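I have placed the structure first, in the form of structure tokens, so that the comments after it can refer back to it.
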Amino acid sequence: MPGPGAACGDGRDGAERCLSPAGRLAAAVCLGALGGLGFCSNHLVLLLFWRFRALRSPVNLLLLNIALSDLLGCALGTPLGLAAGAAAAPGAACAWHGFATALCGIISLISLAVLSYECYCTMTRTAEPDTTSYRKTWTGIILSWTYSLLWTVPMLFGWSSYGPEGPGITCSVNWHSKDANNASYIICLFIFCLVIPFAIIG
């Protein structure tokens, strides 16, 4: 039986995993420190892009998109993660924390796939400048956000769900439920948000 104030979650084997209040505080401090560091470093990247116009090449715009999604992940995911961990139970804070981290993570991965494809095209095209490169880059950026929303919003409306992971400090996709609804989502997520992007990157 966990003590008062303990944070708990179900492990992969179905057993309950708990952290003491001291352990939860230590995890919250680490989460907050990493979130703050990530926010500051990505904010610095955005400032450099804003300050130096020469950095705004098509390829660098994709890097800017990754920095922006990572910054939003730190700005939105960290506070919501701390709130969800404090509640230590599924709820609105947990769902939105899982949504924010999943959304920003998929955006970054898809942006890396688009960046890899753009680098491939740059190396294989002729010496003629591509006047449509900025338009294609913005299309790729919009695609990364749209594609990520396509795979993260459905969990807010019943196709699988977000819930606590590990000892209940953070929230993510519900990896543990084995019903058909959840299993179908996990399989699709694995194929379309991991295998295919990594195949493009590779």
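Numbering follows the UniProt record's numbering, with no gaps: position 115 of the sequence shown is 115.
From the three backbone atoms N, C-alpha and C, an ideal C-beta is built for every residue, glycine too.
All values derive from a computational prediction rather than experimental measurement.
Residue i and residue j closer than 8 Å at C-beta
i           : j    : result
residue 257 : H43  : Given a span of 1 to 202 for the chain in the structure shown, any question on residue 257 remains unanswerable.
S148        : Y162 : no
T101        : G73  : yes
C94         : P164 : yes
Neighbourhood of residue i by C-beta distance below 7 Å, restricted to the same chain and skipping five residues each side
i    : result
W145 : I107
N181 : W159 and S160
G38  : D70 and C74
Sequence-distant residues of the same chain with beta carbon closer than 6 Å to residue i, five excluded per side
i   : result
G98 : Y162, C171 and S172
F49 : L55 and L64
Cβ-based burial, residue i [other Cβ within 10 Å; buried from 16]
i    : result
A113 : buried
T78  : buried
M155 : buried
L34  : exposed
I110 : buried
Best match in the options for proximity to residue i [C-alpha to C-alpha]
i    : options                 : result
L143 : H176, F198, G36 and L62 : L62
L150 : L31, I169 and L189      : L189
Y120 : G202, L31 and P21       : G202
V153 : D179, Y185 and F52      : Y185
S116 : I169, F198, S57 and A26 : F198
R135 : M123, V59, G91 and I187 : V59
L46  : P21, A92 and A67        : A67
Nonlocal neighbours in the same chain, by C-beta distance under 8 Å from residue i, ignoring five residues either side
i    : result
T131 : Low confidence applies to T131: its pLDDT is 49, below 50, so where it sits in the model is not reliable, and the reading given next is rough at best. Cβ within range, chain order: n/a, list empty.
Legend entry - Every unbroken beta strand (DSSP E) inside the segment 112-173 [3 residues or more]: If you keep only unbroken beta strand (DSSP E) runs of at least 3 residues inside the segment 112-173, you get 162-165 and 170-173.
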